[in-house]
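Under numbering that gives the first Met the number 0, the residues of the sequence shown are numbered 0 to 147, in order.
We treat Cβ as the ideally placed atom computed from N, Cα and C, and that holds for glycine.
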Amino acid sequence: MTPSQARETTSTTAADVPEECRDWLRRVADRLIPASPTMPAAGDAGLGDGHLDVVLRARPDLIRDLVRAWASTGELAPDESLDELRQSDPPAYHAVLLIVAGGYYTSPAVRALLGYAGQQPRTLQIAGDIDEDLLMRVVERGPRYRQA
0 MTPSQARETT
10 STTAADVPEE
20 CRDWLRRVAD
30 RLIPASPTMP
40 AAGDAGLGDG
50 HLDVVLRARP
60 DLIRDLVRAW
70 ASTGELAPDE
80 SLDELRQSDP
90 PAYHAVLLIV
100 AGGYYTSPAV
110 RALLGYAGQQ
120 PRTLQIAGDI
130 DEDLLMRVVE
140 RGPRYRQA
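So, in structure tokens, the structure goes:
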């Protein structure tokens, strides 16, 4: 599918995003998050592959903006694509930024390099200075609320 053909169709699921759009996104993502001595570039972290699908499953509302961004700037160089989107289609531009950032940080390799294991459950301890008799009276009283 070419960008001009994509203008005529609208994708509704992550599986509908054409491979050419994924390739374009990898190139654009590498301009937004380039490799550093300690971190991979966004494209190398798997953004155009499974991590894009993770983001789009969580935010399916971004699919149309992504495909529109590719359809309107897919034939341009990555820097030119970003400049054009920033000026002519801010919603698509912001969708691309959100997809790139979200996809990058879903990569297990990136999270491991950052030392971020994800959200972990924690057990909270009730402080010793809280009067449990006071809490029990509230529990025994039962719920009280007003209809709004």
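| Check | Outcome |
| --- | --- |
| Work out the CA separation of Ser-80 and Thr-72 for me, nearest whole Å. | 5 Å |
| Could you tell me the distance, in whole angstroms, from the CA atom of Leu-55 to the CA atom of Ile-62? | 7 Å |
| Would you decide whether Leu-24 is buried or exposed? Buried here means 16 or more other CB atoms lie within 10 Å of its CB. | buried |
| Roughly how many angstroms separate the alpha carbons of Gly-101 and Pro-17, rounded to a whole number? | 19 Å |
| What does the alpha-carbon distance come out to for the pair Leu-123 and Arg-21? | 43 Å |
| Does the structure place the segment 76 to 92 close enough to the segment 135 to 146 that three or more beta carbon pairs sit under 8 Å? | no |
| Can you tell me where the alpha helix (DSSP H) holding Asp-29 begins and where it ends? | 18 to 31 |
| Locate the alpha helix (DSSP H) running through Asp-173, then write down its first and last residues. | As shown, the chain starts at 0 and ends at 147. That puts residue 173 outside it, with no answer to give. |
| Evaluate contact between the segment 36 to 50 and the segment 82 to 96, counting only Cβ atoms and requiring at least three cross-stretch pairs below 8 Å. | no |
| From Arg-30 to Val-95, what does the alpha carbon distance come to, in whole angstroms? | 12 Å |
| I'd like to check one pair, Ala-44 with Ser-106: are the Cβ atoms closer than 8 Å? | yes |
| So what's Ala-57 in DSSP terms, helix, strand or just coil? | helix |
| So what does DSSP say about Leu-46, is it helix, strand or coil? | coil |
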